[in-house]
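Asker: Take a look at this one; I'll ask things after.
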Amino acid sequence: MRAPFTLGDVLRILVICLVVGFIVKALGFGPVEFWLRIRDALTWVWDHAVELGGHALEWVAIGAAIVLPIVAIRWAFRALKQR
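As numbered in our numbering, residues 8 to 90 make up the sequence shown, in order.
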């Protein structure tokens, strides 16, 4: 049985993490500040979208919070079976 990832995959992810970490640190903030800025941006988008779209968008988001993880898990299992 073959592993779902290779050593090359791990090294590629490590290099990507190194580059992204360098860029984020060069911009002057760390991981906590990065995620706080992402949260603030998403909150801003959410607030404005709710104003524009009313409650229908909220219902879609609630449904997506349930449906999308299930779909992602199904896709992941399907991808693993095809390997």
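For each residue, glycine too, the CB sits at the ideal point set by N, CA and C.
What is the DSSP secondary structure of LEU10, counted as helix, strand or coil?
Answerer: Residue identity differs from the one stated: residue 10 is Ala in this sequence, not Leu. The answer is coil: DSSP assigns ALA10 none of H, G, I, E or B.
Asker: Could you tell me the alpha carbon to alpha carbon distance between ALA6 and LEU21, rounded to whole angstroms?
Answerer: This structure gives no information on residue 6, because the portion of the chain shown stretches from 8 to 90.
Asker: Need the endpoints of the alpha helix (DSSP H) that LEU49 sits in, please.
Answerer: Where LEU49 is concerned, the enclosing alpha helix (DSSP H) starts and stops at 38 to 60.
Asker: Please state if the CB of LEU49 and the CB of ALA56 are separated by a distance shorter than 8 Å.
Answerer: no
Asker: Using the C-alpha atoms, what's the distance from VAL78 back to VAL31?
Answerer: CA-CA distance, VAL31 to VAL78, rounds to 31 Å.
Asker: Determine whether the beta carbon atoms of ARG90 and ARG9 lie at a separation below 8 Å.
Answerer: The criterion of a C-beta distance shorter than 8 Å is satisfied by ARG90 and ARG9.
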